[in-house]
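J.: One structure coming up, written as C-alpha cells, with questions to follow.
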Amino acid sequence: MAEFLKNSQEEKPQPEITRRELFRRGRKAALGAGAAWALSHIEAPPVFSTEVKEGMSWEKGIEAFMKDVFESPVETGGVFVRTNNGEDSWFSPSDGTSGEISKNIGGLFEEFGQRMKEGKIKDLMDLHTHQLTGSEKEFTDIGVTVNMIEKMREGKHSLLSIPPSEGDIDVMNWVIWAMNLRKYGMDTHQLIGVVADSLGLWKYQRDKNPNSPFNLERAEWKKVSDKWWGMVNKKTAILPHEELVAARKKFSENDQETVAKYLGSEEMSIHEEHLRINDIIKEQKSRFYKIRRAFIKKSLEVLPKGEDYEDLIRTYVQSGVTLSFTPYQELGLSYKNLHKK
Numbered sequence: 001m002a003e004f005l006k007n008s009q010e011e012k013p014q015p016e017i018t019r020r021e022l023f024r025r026g027r028k029a030a031l032g033a034g035a036a037w038a039l040s041h042i043e044a045p046p047v048f049s050t051e052v053k054e055g056m057s058w059e060k061g062i063e064a065f066m067k068d069v070f071e072s073p074v075e076t077g078g079v080f081v082r083t084n085n086g087e088d089s090w091f092s093p094s095d096g097t098s099g100e101i102s103k104n105i106g107g108l109f110e111e112f113g114q115r116m117k118e119g120k121i122k123d124l125m126d127l128h129t130h131q132l133t134g135s136e137k138e139f140t141d142i143g144v145t146v147n148m149i150e151k152m153r154e155g156k157h158s159l160l161s162i163p164p165s166e167g168d169i170d171v172m173n174w175v176i177w178a179m180n181l182r183k184y185g186m187d188t189h190q191l192i193g194v195v196a197d198s199l200g201l202w203k204y205q206r207d208k209n210p211n212s213p214f215n216l217e218r219a220e221w222k223k224v225s226d227k228w229w230g231m232v233n234k235k236t237a238i239l240p241h242e243e244l245v246a247a248r249k250k251f252s253e254n255d256q257e258t259v260a261k262y263l264g265s266e267e268m269s270i271h272e273e274h275l276r277i278n279d280i281i282k283e284q285k286s287r288f289y290k291i292r293r294a295f296i297k298k299s300l301e302v303l304p305k306g307e308d309y310e311d312l313i314r315t316y317v318q319s320g321v322t323l324s325f326t327p328y329q330e331l332g333l334s335y336k337n338l339h340k341k
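Its first residue numbered 1, the sequence shown is counted upward by one per residue in our numbering.
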C-alpha cells in the first residue's frame, strides 16, 4: 500500500450556522429516519487540535493528530490547505484556541479566499480524529473496554480501526462548506475528508462522477422523489398550516389513513414507487452500518489486511463514496516511537 490504498474509482442553512447546530440537525434527522446508529462520531463537533500549529508540514501535523488519537479526551481536527505551488499550510485559528472548527471556517476562507479566486488553491483537506477515548461507550456492543484502550496505548493490544462514519460523509455536503467554496471559485470536489484513527489515515469523498452507477441510480430516484413530493404538496397545499405539516409528516411515515384520504388509485403507483425506493435506501444504509461495524470489530482481534480494506472500500463505493487508506508506518510514524520522545 504505497501512498493511499486505492479504491476502484478515481475519484444546507447559512454559513453562520455553527457546526454544533448542524450536528444537532443531522442527529435529529437520523433519529427521525429510525437510524440512530448513523450518529457514530457526530454527537459533538471536533475542536482544533492545540498540537497542530500554522506553518507545520503535513507530516508534522499528522504526527500531532496521531498523538491526539491516543491521548486526547475529545475529537480534534484541522484543515490543511494544499496549493498549486507547494506552499501548503495547516490553518489554525488566529487566537490559537482549540474552539469548534466550524466557528473558524469563515476565517479560513478570509485568509485563503483571494488565492482561491485566483485558482492557486489545489484542495482543502478537512481532517478530524477518531480518538480512542470514548470508544468504550460507542463500541460497547463489540467488546471495547477502558482497560482494552489502555492496553492499546501501551502497545499490548490490537489497535482499533474506525473508518469514516455515515455522519462524517454527510458533513461533506454541508452548505457551510459548499456555499463558501462556490463563493471563492472552488468546486466541492476540492474538499477532501480525512479521518485519523489509531492505525492510519482514511481519505474519503462523495463520488462526483455523474455517470457512476450509484449517481445514475440516485438521479432516477430523485425524479421519483420530486414527483412524489410535488404530488403531496399539491394535495395538502389548501390545508391550514398545522394540518398541512401534520399531513406531510404522515405521508412521509406512510400513514395508511392519510394516504387513502388524499390519494386516488392513479396516484398510488407514484406513492408505492416512492416507498419501494425508501426501503432500498434503508437496506443500503443498514448494510453499510453492519459491514463498517464488522470491520471495526475485526480490527480488535487482528491487524486488518489488504483484502479487508478492499472489501470495506467496495462497500463505500456502493454507497457513493470513494475511500482509501494509508497506515502510519508508510508515513514513517509510530505512536510507540512518539511516546519515547
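Note that the Cβ used here is the ideal one computed from N, Cα and C, for glycine as well.
Remember, it's a predicted structure, so these values are computed and weren't measured experimentally.
(1) Residue 143 bridges to which residues according to DSSP?
(2) Return the first residue and the last residue of the alpha helix (DSSP H) that residue 334 is part of.
(3) Got a sec? Which residues, its chain only, sit under 6 Å from residue 56 by beta carbon, not counting five neighbours each side?
(4) Within the same chain, show all residues whose beta-carbon is closer than 7 Å to that of residue 274, passing over the 5 residues directly before and after it, in chain order.
(5) Within 10 angstroms of the Cβ of residue 147, are there 16 or more other Cβ atoms? Answer buried if so, exposed if not.
(6) Quick one, are the C-beta atoms of residue 106 and residue 180 less than 9 Å apart?
(7) Please check the pair residue 120 and residue 84, which I expect to be a contact at CB under 8 Å, by giving their CB distance rounded to whole angstroms.
(8) So what does residue 48 bridge to, in DSSP terms?
(9) Quick one, which of 216, 130, 126 has its alpha-carbon nearest residue 204's?
(10) Could you tell me which residues DSSP pairs with residue 196 in its beta bridges?
(11) Since residue 153 contacts residue 70 with CB under 8 Å, what's their CB separation in whole angstroms?
(12) Would you identify the three-state DSSP class for residue 121, choosing helix, strand or coil?
(13) Could you give the first and the last residue of the continuous alpha helix (DSSP H) run that contains residue 258?
(14) So what does residue 82 bridge to, in DSSP terms?
(15) Residues in the same chain with beta-carbon distance under 8 Å from residue 239, minus the five sequence neighbours each way, listed in chain order, please.
(16) Touching or not, the segment 326–335 and the segment 212–223, by the rule of three or more beta carbon pairs under 8 Å?
(17) Could you give the DSSP three-state label for residue 225: helix, strand or coil?
(18) With residue 161 and residue 132 assumed to form a contact (beta carbons below 8 Å), what rounded beta-carbon distance in angstroms separates them?
T.: To lay it out plainly:
(1) Here residue 143 refers to the residue found at position 143 of the sequence shown. According to DSSP, which records beta bridges pairwise, residue 143 is partnered with nothing at all.
(2) Counting from one through the sequence shown, the residue named residue 334 turns up at place 334. Where residue 334 is concerned, there is no enclosing alpha helix (DSSP H), given that its DSSP letter is neither H nor E.
(3) By 1-based counting over the sequence shown, the position of residue 56 is 56. Answer for residue 56: 90, listed in chain order.
(4) Position 274 of the sequence shown holds residue 274. Excluding sequence neighbours, residue 274 sits near 224, 225, 228.
(5) Sequence index remark: in the sequence shown, residue 147 carries index 147 (1-based). Looking at its Cβ environment, which holds fewer than 16 other Cβ atoms inside 10 Å, residue 147 is exposed.
(6) Here residue 106 refers to the residue found at position 106 of the sequence shown. Here residue 180 refers to the residue found at position 180 of the sequence shown. In this structure, residue 180 lies closer than 9 Å to residue 106 by Cβ.
(7) Stepping through the sequence shown from its first residue, residue 120 is reached at position 120. Stepping through the sequence shown from its first residue, residue 84 is reached at position 84. About 6 Å; that satisfies the 8 Å criterion.
(8) Residue numbering aside, residue 48 sits at position 48 when the sequence shown is read from its first letter. 77, per the DSSP bridge assignment.
(9) Counted from its first residue, the sequence shown places residue 204 at position 204. Considering only alpha carbons, the answer is 126.
(10) By 1-based counting over the sequence shown, the position of residue 196 is 196. Per DSSP, 129, 201.
(11) On the sequence shown, residue 153 is found 153 positions in, with the first residue counted as 1. On the sequence shown, residue 70 is found 70 positions in, with the first residue counted as 1. With 8 Å as the limit, residue 153 and residue 70 qualify as a contact, their Cβ atoms being about 6 Å apart.
(12) Here residue 121 corresponds to residue number 121 of the sequence shown, with the count starting at 1. It is a strand residue.
(13) For the purposes of this step, residue 258 is taken as residue 258 along the sequence shown, with counting starting at 1. Element bounds for residue 258: 256–262.
(14) In the sequence shown, residue 82 corresponds to position 82, counting from 1. Answer by DSSP bridge pairing, in chain order: 123.
(15) In the sequence shown, residue 239 corresponds to position 239, counting from 1. Cβ within range, chain order: 247.
(16) Under the Cβ criterion (8 Å, minimum of three pairs), the segment 326–335 does not count as touching the segment 212–223.
(17) Along the sequence shown, one-based indexing puts residue 225 at 225. Reduced to three states, the DSSP call for residue 225 is helix.
(18) Residue numbering aside, residue 161 sits at position 161 when the sequence shown is read from its first letter. Residue numbering aside, residue 132 sits at position 132 when the sequence shown is read from its first letter. For residue 161 against residue 132, the beta-carbon gap comes to about 11 Å, at or over 8 Å, which does not count as contact.
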